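Going from the sequence shown to the numbering used here is simple: count from 1 and add 358. Beta carbons: idealized from backbone N, C-alpha and C, even for Gly. Note that this is a predicted model, so its numbers are computed, not measured. Report on one structure; see the data block that follows.
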Amino acid sequence: MGKPLCPAACAPPGTYPPARTSPGDDMMWHCHGANYAELVSNLQNRGILTSNDAAKAMSKVDRKFFVPDSNKAYNDAPQVIGYRATISAPHMHSYCLSLLADHAKPGASVLDVGSGSGYLTAVFGLMVGETGRVVGVEHIPELVERSIAAIKKTPAGSLMDHGKIVVRVADGKLGNAEGAPYDCIHVGAAAAELPEALVQQLKPGGRMVIPVGTDNQNLVIIDKLPDGTVEKTRKMVVRYVPLL
Ligand code: SAH
């Protein structure tokens, strides 16, 4: 397992910034930009946003529309969005997008569980394009409403207008059976245990990225091989809000 990229990537409110464990760790969450383009390019230059497809889509979805405090939109830190939720730090979004990019190609189907601010839902939408589809699942109705309004302010808005991006109020642990199976599943909140429904809703050949654990959480990659075998790879220690 790799070293922690950032233990507070999607930290519960009040827990950021985290204690530093080694001087090198500082680098990981210091991609702040004076503007959005600079933030994205810092994430690329630091080797966190390694997928060009993800970078291209990300650069079109300005983070300022998804955060309550737009003065801090380009800080590489999580931000409280209300209802005990946070929008994850840009480096964490970048890292997860890069892990999933090969499974979120044009035409792919994506499930974003715990979609919160809607930022990643919008980015996935631009990655899969009009031949693909993205379902965001979030259990707080107010956040769903707010995320839809935010997505509509970005170039992903037209995908939403055409039903290619939808955000639903539901329990994310159950996934979204209606649109299953998915090429790509992103989970933005930590599950105490790997939800079986989500594994079932993954296509053979598909990939899920999910934080698993309670006090000690790991970011885990779940690859469903073409023969249906499930492979789990622990990537690093993280700290997300819980999947309730
Ligand atoms: N990727 C999102 C993460 C938001 S924080 C972003 O960066 O904006 C995690 C989100 O998961 C919160 O919005 C929280 O309300 C939601 N959540 C927690 N448990 C959930 C559940 N069982 N079903 C759906 N959403 C859940």
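Residue i to residue j span [Cα, whole Å]
i, j, result
"Tyr441", "Ile498", "8 Å"
"Ile406", "Tyr453", "6 Å"
"Tyr598", "Lys561", "25 Å"
"Ala507", "Thr572", "32 Å"
"Ala652", "Tyr432", "No answer is possible for residue 652: it lies beyond the span of the chain, which begins at 359 and ends at 602."
"Tyr540", "Glu503", "24 Å"
"Gln575", "Gly515", "33 Å"
"Arg592", "Ala392", "33 Å"
"Leu401", "Met416", "11 Å"
"Ser399", "His449", "11 Å"
"Leu602", "Leu455", "23 Å"
"Ala443", "Lys582", "29 Å"
"Ser505", "Val493", "12 Å"
"Val546", "Val525", "In the sequence under discussion, the amino acid at residue 546 is Gly, which differs from the Val named in the question. Roughly 14 Å separates the two Cα atoms."
"Ala447", "Pro584", "33 Å"
"His659", "Leu577", "Because the chain spans 359 through 602 in this model, residue 659 falls outside it and cannot be assessed."
"Ala412", "Lys418", "10 Å"
"Ser467", "Asp519", "17 Å"
"Ile445", "Gly586", "33 Å"
"Asp383", "Glu396", "Its pLDDT being 47, under 50, Asp383 is placed unreliably by the model, and the measurement read from it follows with that caveat. Taking the straight line from one Cα to the other gives about 21 Å."
"Ala550", "Lys463", "29 Å"
"Pro513", "Gln559", "28 Å"
"Gly472", "Arg491", "17 Å"
"Ala603", "Asn403", "Past the edges of the chain, shown from 359 to 602, lies residue 603, and the structure says nothing about it."
"His451", "Gly563", "22 Å"
"Leu552", "Lys511", "34 Å"
Nearest to residue i (by Cα), restricted to the options the options
i, options, result
"Ser475", "Ala412, Val495 and His388", "Val495"
"Leu457", "Cys542, Glu503 and Gln559", "Cys542"
"Gly487", "Tyr477, Val398, Ile523 and Glu536", "Ile523"
"Lys414", "Ala447, Asp427, Ala480 and Ile445", "Ala480"
"Leu517", "Met594, Gly483 and Ser505", "Gly483"
"Val425", "Val471, Glu551 and Tyr394", "Tyr394"
"Met594", "Ile568, Ala435 and Gly563", "Ile568"
"Ala548", "Leu455, Asp529, Val596 and Ser505", "Val596"
"Arg565", "Arg404, Glu396, His461 and Leu397", "His461"
"Phe641", "Met485, Asp529 and Ile509", "The requested residue 641 is not part of the displayed model; the chain covers only 359 to 602."
"Pro436", "Glu396, His390 and Ala459", "His390"
"Ala459", "Pro600, Met485 and Ser473", "Met485"
Residue environment, residue i, which counts as buried when at least 16 other CB atoms sit within 10 Å
i, result
"Ser409", "buried"
"Asp420", "buried"
"Ser428", "exposed"
"Glu430", "Reading the sequence as shown, one finds Lys at residue 430 and not Glu. Looking at its Cβ environment, which holds fewer than 16 other Cβ atoms inside 10 Å, Lys430 is exposed."
"Ala535", "exposed"
"Val588", "exposed"
"Val570", "buried"
"Gly533", "buried"
Supposed close pair residue i, residue j - CB separation, criterion 8 Å
i, j, result
"Val557", "Ile579", "Incorrect: roughly 12 Å between the Cβ atoms, too far for contact."
"Thr489", "Gly521", "The pair is not a contact, with the Cβ atoms about 13 Å apart (cut-off 8 Å)."
"Ile439", "Leu478", "Going by Cβ atoms, the distance from Ile439 to Leu478 rounds to 13 Å, so no, they are not a contact pair."
"His544", "Asp434", "Actually they do not touch by this definition, with Cβ atoms about 19 Å apart."
"Lys590", "Ala555", "Actually they are not in contact, since the Cβ atoms of Lys590 and Ala555 sit about 16 Å apart, beyond 8 Å."
Whole runs of the alpha helix (DSSP H) within the region 502-576, excluding any shorter than 4 residues: Qualifying alpha helix (DSSP H) stretches, in chain order: 515-519 and 554-558.
What residue ranges within the region 453-491 form continuous beta strand (DSSP E) runs of no fewer than 3 residues, ordered along the chain? With a minimum length of 3 residues, the continuous beta strand (DSSP E) runs that stay inside the region 453-491 are 467-471.
Which full runs of the beta strand (DSSP E) of 3+ residues lie inside the region 377-446, going along the chain? Counting only runs that start and end inside the region 377-446, the beta strand (DSSP E) elements of at least 3 residues fall at 437-440 and 443-445.
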